[in-house]
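Participant:
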Amino acid sequence: MSSNDRFQGKTAIVTGAGSGVGRAIALGLANGGAGVVIADLSSERAEGVVTEITSSGGSALAVAVDVADAPGVREMIAKSIEKFGKIDILISNAGWDKVMPFVETDESLWDRVIDINYRGHVACAHATVPHMIEAGSGKIVFIASDAGRVGSSGEAIYSGAKGAVIAFSKALARETARKGINVNCVAPGLTDTPMLAQVSEGNEKLMGAIIRSIPLGRVGTPQEVANAALFMASSDADYITGQTLSVNGGLSMI
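Sequential numbering from 839 applies to the sequence shown in our numbering.
1) Should the region 974-982 be called in touch with the region 864-877, which here means at least 3 C-beta pairs below 8 Å?
2) Please classify ARG1016 as buried or exposed, where buried requires at least 16 other C-beta atoms within 10 Å of its C-beta.
3) What did DSSP end up calling ASP878 once you bin it into helix, strand or coil?
4) Going along the chain, which residues of its own chain have a beta-carbon closer than 7 Å to the beta-carbon of ILE1048, five neighbours each way excluded?
5) Kindly indicate which three-state DSSP category ASN1022 falls into: helix, strand or coil?
6) Tell me which residues share the same chain as VAL1087 and place their Cβ nearer than 7 Å to its Cβ, disregarding the 5 neighbours each side in the sequence.
7) Cα separation between GLY873 and SER897?
8) Quick one: using the 10 Å Cβ neighbour count with 16 as the cut-off for buried, is VAL911 buried or exposed?
9) Check whether the Cβ atoms of ILE929 and VAL852 sit closer than 8 Å, and answer yes or no.
10) Less than 6 Å between C-beta atoms, sequence neighbours within five positions excluded: which residues of the same chain meet that for THR1082?
11) For VAL951 and ALA877, what's the separation of their Cα atoms in angstroms?
12) So the alpha helix (DSSP H) THR1029 belongs to, where does it begin and stop?
13) What's the call for VAL905, buried or exposed, on a 16-neighbour Cβ count within 10 Å?
14) Take ARG987 as the anchor and find which of GLY858, SER880, LEU1089, ILE925 has the nearest alpha-carbon.
15) Considering just the uninterrupted stretch of the beta strand (DSSP E) at LYS936, what are its terminal residues?
16) Taking 6 Å as the limit between beta carbons, can you name the residues of its chain near ILE971, skipping five residues before and five after?
17) Taking a contact to mean a Cβ-Cβ separation below 8 Å, would you say ASN955 touches ALA1009 in this structure?
18) Locate the alpha helix (DSSP H) running through LYS921, then write down its first and last residues.
19) Can you give me the start and stop residues for the beta strand (DSSP E) that SER1084 sits inside?
20) Determine the direct distance from the alpha carbon of GLY1001 to that of PHE1069, and round the result to whole angstroms.
21) Beta strand (DSSP E) containing MET980: first to last residue?
22) Identify the continuous alpha helix (DSSP H) that holds ILE952 and give its terminal residues.
23) Find out if the Cβ-Cβ distance for the pair SER997, SER990 is shorter than 8 Å.
24) If I measure Cβ to Cβ from GLN846 and keep anything under 6 Å in the same chain, skipping five residues before and after, which residues do I get?
25) For a test of the three-state rule: what should DSSP assign to ALA855, helix, strand or coil?
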């Protein structure tokens, strides 16, 4: 499948890889020669992406996992090691949200949003980092959100969780830099994904207003976010760690 050798000989794990940004990242890694673990809540979606990769000559493994379940994450990492023998790249991408005013949220929503959008990233990193330390190298890319940098109306808990991911990534980058591990974030703005379609339902006026305020005048594509993540995961970013790169059409300029 490889059209270049950017990731030749590497093994990568991508969570939430069954659709949207995660799928685009996984296909990009495979196209660059990596063996890719397609981790997704839906085994059907994961298998579909694996078929895309293997039918073009690539190597991939589908693993069904809920990143909010830490034991399940550890099992996913174990299956990845069993299949490929190592982990060079972790793209922690899985996320979920429900748009509503903060005063209408409840504890069950708080728990679900935080478990997926913060604890899920922590669990994936905690299970992966020891293998990277042993190898003496690794690239970790968290897919955060511009909501975690500047806030987003109707997404108070999500914004807080994504802000926590960004802070966590910086601390982890400091702890692991001398171990040969780079840790960075990509922070998408509005991106044309199934998740955006879900959260936009019933909030069309708000979404329309946000799109009109984007200087480049449109939402982003999964591939545009994937391009940033692939850069951070590649050797081109060997001297970059602890950073957050926004891909947002200029909606926020930090």
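A virtual CB, placed ideally from N, CA and C, is assigned to each residue, including glycine.
Since we're looking at a predicted model, the values are computed, not measured.
Facilitator: With the given structure in hand:
1) Counting Cβ pairs under 8 Å, fewer than three are found: no touch.
2) With fewer than 16 Cβ atoms within 10 Å of its Cβ, ARG1016 is classed as exposed.
3) strand
4) LEU1028
5) In the structure shown, the three-state DSSP call for ASN1022 is strand.
6) Per the sequence presented here, residue 1087 reads as Gly, with Val not at that position. So the list reads GLY1027, ILE1052, PRO1053, LEU1054, ARG1056, GLY1058, once near-sequence residues are dropped.
7) 5 Å
8) buried
9) yes
10) ILE1004, CYS1023, ALA1025
11) 19 Å
12) That residue, THR1029, is in no alpha helix (DSSP H); it is neither H nor E in DSSP.
13) With 16 or more Cβ atoms within 10 Å of its Cβ, VAL905 is classed as buried.
14) LEU1089
15) Premise fails: LYS936 is in no beta strand (DSSP E) and is neither H nor E.
16) In its chain, beyond the 5 residues on either side, LYS1017 have a beta carbon closer than 6 Å to the beta carbon of ILE971.
17) no
18) Element bounds for LYS921: 908-922.
19) Where SER1084 is concerned, the enclosing beta strand (DSSP E) stretches over 1082-1085.
20) 22 Å
21) For the sequence presented, residue 980 should be read as Phe rather than Met. Start and end: 976-981.
22) Unbroken alpha helix (DSSP H) run through ILE952: 945-952.
23) yes
24) GLY871
25) coil
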